[in-house]
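Just below is one structure, and these are the notes that go with it.
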Amino acid sequence: MDLSLLPQALVSGVLASGLYALVAVGLALAIGVIGIVNFAHGEFFMIGAFLAYQLFVSFGFDPLLSILFVAPVLFLIGAALYASTIRFVLKAPELNQMLLTFGIGIILQNLALMIWGGDPRSIGGVPYRAVGLQVGGVSVGLVPLGSFVISVLLVGGLYLVLARTPLGRAMRAVAQNRVGAGLVGLEVNRVYLVAFGLSALLAGIGGVMIAVIQSPTPTVGLAFTLKAFAIVVLAGLGNIRGIVSAAMVVALAESLVATMVPNGDALRNAVFFAIILGTLVYRSWRRA
Amino acid sequence: MRGRGLWLDLLAAALFVGLLAALPGILRGAYGQASVSYLALGIRAVGLAVLALSWDLVARTGQLSLAHAAFYGAGGYAAAVLLRLTDAPVWAGIPLAGVVAAALALALGGATLRLYGIYFAIGTLAFAEVLKTVVKSTPFAITGGSVGTNLPPLFRPQFVAGAMERWEVAYLRNQGYFLVYLGLLALAILVSVLVQRSRLRHAFTAVRTNEWVAGVMGVNPARTKLVAFVISSAIVGMLGAIEAHRFGSVNPDATFSVHTTVLALVTPIFGGLYTTVGPILAALVLSGVEETLKRTLSDGYLVAYGVVLVVSILFMPRGVMGLFRSLARRRRARAAVGAVAPGGRDA
Amino acid sequence: MKKLLALMVAAVVGVGLAQPVTIGILSPLTGGAAGTGQAQKAGFELALAEINAAGGVLGQPLRIIIEDDRADPATSVAAFEKLMTEDGVEFIAGGFSSGATLALVESFRTFQPIVSWIGGASSGIGNDAFDGIEELLGQEEWFFHVHPWDYQNVEATFGFIGDLGVDSVAILHEDGAFGTPGAAGLEAGLEAMGVDVVLREAFTSTLTGGTGDFRATLSKVGAAGADMLYWIGYDPDAQPLSSQLKELGVAPAYVFGAPPGWPTGIEAAPEMQCVMGLIGYLPNLPNPEAVAFADAYRAMHGTDPDNYMSALAYAQLWSYADAINAAGTTDQAAVIEKLKTMTFGSPMGDWSFKPSIEAKHQGFGSEMWLVFQFQNGVREIVWPADRATAPLAACR
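For the record, the sequence lines run as chains Z, R and E. Counting in my numbering, the first sequence runs from 3 upward without gaps. Counting in my numbering, the second sequence runs from 25 upward without gaps. Counting in my numbering, the third sequence runs from 12 upward without gaps.
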């Protein structure tokens, strides 16, 4: 066990939580607040990632700049999907939503495959990508730092929207009691539309970060979706602020095990999901 | 009334299984060597039916399990490890797979008794992912680690040159597997019918609807949920073992793939949840639709497949079975109206 | 009487000639390996057009049927049996996934068509407890394996590393069925060469559920202080591994990556500078066959042939056409004879089927592999010296 690597492990772990929080926050809105189980959430990342790639290839846009374009486009896609299909299964059992969104996911994934092909795509020429600030013997990567900051802003922003704005109050009302919300004059469908569009938008931003970090393929969404679901559930449905701490716990644990244990990186997923399972089970019995 | 329903159902099931058992011979007579290909497709469809029906069993108690692939994989590995480490007969792996999967389900089910809805779902998913990684890290000598291990096939018909054509060997092999898969499906159908036509059905539904109230009504929710979980997992564990033999190998990433779970849950939704016929019908229809699309549209057949899923759930919210039921209801209502209207037929 | 005889002969010959030769192809057109499948398809389409423009096979246009096998065992078996029974093909091509190939072994052995198979690099050699593809199918007279075996991939590197003269290597490998045996073989070979393997660590690839954060493992590489970092992973791992290495300030003298392929557009990334890799084919290869292939590919598909699977698929289909035409018949024994003995052309140069450790007919071997290096946005060949387009540059 090389203790000299511990400080770097801690720093990397904390910063890595940024990406986890980023991919979870959109899903937290969809499932946690509105109650739509969206199996196609990963495909929103994927579209965001490929849009960022295409904007780079066609116009030379830096990914951070493409966020300005990706965000509204994903919002429109989410809203369009809601209006055309998802709103019809809101009253149906959750399982129906799963099948619908699963079907949507297949469509989106294979459309992307037809458009861009199956090869992974890299955004070359991102000058800040390989930069690490050397702070007291530890390297603080610009990209993870950036993801961390963006994720905290988005999570905080979403929390404020939900807590302080009329739109947010409307979303929470609709999630709590759909009929009641309609009775007090809220345009329920419009609220859901905006919420779902917002969820897609947040996922799209996450997708841009993924395109910076990795080389996405049309199937890149799944691994992140599973982990996003897990983080949302770990934080507790409806607990938006909890996303950051939940992400931090799993990211730190992963980083520590990956650094301190021989071949520890191969255990990353086991660590992540063991924490999820353990916490869920522990909490359930403690409540009893 | 209940007794007669049970026997009718069992008779229908027996007829269905019997018909399917005769299918290989019928296909061979009608299509000759092409029957090999159709049988291969048939095997996949029946496998999907087992996957779907076993998942539906546990969904009836309201448990949305995302661990199905874990039990499938555990079954496959149980058979693989048994044959790798001992001289057991080839077929011994299958019942062992059922036992191992059942034991795992008992453990997981017991731990997650107080988890509900999406919390239960994610908990089971987490278990599946942990199991996959654990198997990957097990000692090479036992499971083959991340490379995996081979398994012998269940059927290896002998080719006798001059006395038969090569495709007949493939036919015999596919027929063998088809009948084994069918046998497992028959077991799943039997379990499902027995549940649907007994007090267990009401227990399952009560637990699914409201566990606390069910408890007040005298149902033991913990026992009900565990029974469903264990039986469902045993069945899919055996499927995992049979498929491992058919594919010749297991390896952690492929055998524990979450794709298996996803298929297991979307199929019954399409067909009609909490029924025996629904998951089976869905498996046959979806397999057929996918293969037809694949053969008619070269590129983008999966896009069309996704569209089929989306459209179907929008227009058939209770699945195919739900559609049949509402059609039947409408016909009965029309007949009743017709009977009382002047000039209508006598009811 | 003579006229009747002539008519009968003509009829028989006519009937025999009337059937175009059909080659059945299995390829992962969709799913996780779609990049490979689509690349193979592009190569096959180009070869088909050229073959038919040159007169086809046995005087008739060649036909191919490409089935999507999704790199999935169940789909592969069903697709193969369809090709054999419904379509009645006698020649099989394509292939990629080792797992799917293992599932096909029984079916292959039942039908015994001629199988020319690109993929499935998992030989199983060196692993007593696991029967890989070379061990299971290598001795079959009708099985021809095109892509190098896993140990041949590693072999190519030994020559290079020997020439390079490094003292210590740190090995990182993805923890699945692709990276683990490769790393084991690499370590054994390096130790035998007298190179010190100071680290051997597994990582979770982005393709198998990882999120692309390799900093933990890379910090261990920094602590180990090796001359060379050698990693075995998948295409999407290349970018994060390279950029995070630089971000952490870990700077070995040489960085060598061994994924099956490289992402599109990665050359433009500045952090890839000085990273090396193995490649079978690159669009900027200078030899005339490669230039001709690249030009024709661009004309047909509108993009560069980035993925070497296109070149392999192209070569495979052409080898079938050449062999069957040379044999003058579709009789299996005659075609096998030609496949065994002929030399074929390809964008990588001439090639033929020779015995390998346990296989009778192995196409490309370790000599197919070239070492390239990212230099200022271009992939330059740096080894072997006689085919190099630029000198090798150390990272520091």
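For every residue, glycine included, the Cβ atom is placed at its ideal position computed from N, Cα and C. Please read these numbers as outputs of a predicted model, since none were measured by experiment.
Take residue i as the anchor and find which of the options has the nearest alpha-carbon.
| i | options | result |
| --- | --- | --- |
| E/Val-389 | E/Pro-395, E/Met-283 and E/Gly-360 | E/Met-283 |
| R/Ala-83 | R/Ala-359, R/Thr-229 and R/Ala-246 | R/Thr-229 |
| Z/Leu-162 | Z/Gln-136, Z/Ala-202, Z/Leu-188 and Z/Asn-241 | Z/Asn-241 |
| R/Pro-276 | R/Leu-338, R/Ser-311, R/Lys-160 and R/Phe-348 | R/Lys-160 |
| E/Phe-375 | E/Thr-96, E/His-156 and E/Phe-122 | E/His-156 |
| Z/Leu-160 | Z/Asp-64, Z/Leu-269 and Z/Val-246 | Z/Val-246 |
| R/Val-274 | R/Gly-42, R/Leu-106, R/Thr-85 and R/Gln-87 | R/Leu-106 |
| E/Val-302 | E/Gly-221, E/Asp-333, E/Phe-355 and E/Gly-360 | E/Gly-360 |
| Z/Ala-205 | Z/Val-193, Z/Glu-189 and Z/Leu-224 | Z/Leu-224 |
| R/Val-74 | R/Met-262, R/Arg-28 and R/Gly-186 | R/Met-262 |
| R/Ile-337 | Z/Leu-101, Z/Ala-132 and Z/Val-75 | Z/Leu-101 |
| R/Thr-299 | R/Ala-357, R/Val-286, R/Leu-321 and R/Val-344 | R/Val-344 |
In chain order, what residues of the same chain lie with their CB nearer than 6 Å to the CB of residue i, ignoring the 5 residues before and after it?
| i | result |
| --- | --- |
| Z/Tyr-84 | Leu-195 and Phe-198 |
| R/Leu-308 | Ala-69 |
| E/Pro-294 | Ala-305, Asp-315 and Pro-316 |
| Z/Ile-2 | Past the boundaries of the shown model lies residue 2 of chain Z; chain Z is included only from 3 to 290, so the question cannot be answered. |
| E/Ser-357 | Ala-326 |
| E/Trp-394 | Phe-171 and Val-382 |
| Z/Ala-291 | The requested residue 291 of chain Z is not part of the displayed model; chain Z covers only 3 to 290. |
| R/Leu-149 | Leu-90 |
Taking 8 Å as the threshold (C-beta atoms), are residue j and residue i in contact?
| i | j | result |
| --- | --- | --- |
| E/Val-232 | E/Leu-183 | yes |
| Z/Val-214 | Z/Ile-125 | yes |
| Z/Val-157 | Z/Val-27 | yes |
| Z/Ala-177 | Z/Gly-107 | no |
| Z/Ser-14 | E/Ala-227 | yes |
| E/Ser-87 | E/Leu-37 | yes |
| E/Pro-274 | R/Phe-271 | no |
| E/Gln-123 | E/Glu-369 | no |
| E/Ala-235 | E/Leu-210 | yes |
| E/Ala-199 | E/Ser-108 | no |
Label residue i either buried or exposed according to how many other C-beta atoms from any shown protein chain fall within 10 Å of its C-beta, with 16 as the threshold for buried.
| i | result |
| --- | --- |
| R/Ile-293 | buried |
| R/Val-31 | For the sequence presented, residue 31 of chain R should be read as Trp rather than Val. Exposed, since its Cβ has fewer than 16 Cβ neighbours within 10 Å. |
| E/His-372 | buried |
| R/Glu-314 | buried |
| R/Pro-163 | exposed |
| R/Arg-247 | exposed |
| E/Arg-81 | buried |
| R/Asp-370 | Its pLDDT being 47, under 50, R/Asp-370 is placed unreliably in this model, and the coordinates cannot settle the point. |
| E/Gly-220 | buried |
| R/Tyr-205 | buried |
| Z/Glu-189 | exposed |
| R/Ile-142 | buried |
| Z/Arg-270 | buried |
| R/Arg-342 | buried |
| E/Asp-207 | exposed |
What does a CB cutoff of less than 8 Å around residue i pick up in its chain, not counting 5 residues either side in sequence?
| i | result |
| --- | --- |
| E/Lys-93 | Glu-78 |
| R/Tyr-279 | As written in the sequence, residue 279 of chain R is Thr, which differs from the Tyr given in the question. The answer, listed in chain order, is Tyr-96, Gly-97, Gly-100, Tyr-101, Gly-172, Gly-264 and Ala-268. |
| E/Leu-259 | Arg-226, Leu-229, Ser-230 and Gly-233 |
| R/Ala-328 | Leu-317 and Leu-321 |
With respect to the beta strand (DSSP E) encompassing residue i, which residues constitute its N-terminal and C-terminal limits?
| i | result |
| --- | --- |
| E/Ala-132 | It is not in any beta strand (DSSP E) - E/Ala-132 carries neither H nor E in the DSSP assignment. |
| E/Glu-145 | Unbroken run through E/Glu-145 is the alpha helix (DSSP H), 144 to 148; no beta strand (DSSP E). |
| E/Gln-384 | 381 to 386 |
Whose C-beta lies closer than 7 Å to the C-beta of residue i among residues of the same chain, with five residues either side of it excluded?
| i | result |
| --- | --- |
| R/Ile-255 | Leu-81 and Val-215 |
| Z/Leu-7 | Thr-261 |
Just reading off the alpha helix (DSSP H) that residue i is part of, what are its end residues?
| i | result |
| --- | --- |
| Z/Gln-111 | 96 to 118 |
| E/Thr-352 | 343 to 352 |
| E/His-158 | That residue, E/His-158, is in no alpha helix (DSSP H); it is neither H nor E in DSSP. |
| E/Ala-2 | The structure shown does not extend to residue 2 of chain E, since chain E is modelled only from 12 to 407, so the question has no answer here. |
| Z/Arg-180 | 180 to 185 |
Please confirm whether any heavy atom of the ligand GTP lies closer than 7 Å to the CB of residue i.
| i | result |
| --- | --- |
| Z/Leu-224 | Here there are no bound small molecules, and the ligand GTP is not part of this structure. |
(request) Residues of the segment 116 to 130 of chain E with a CB closer than 8 Å to any CB of chain B: list them in chain order, please. (result) Absent from the structure: chain B. Protein chains present are Z, R and E.
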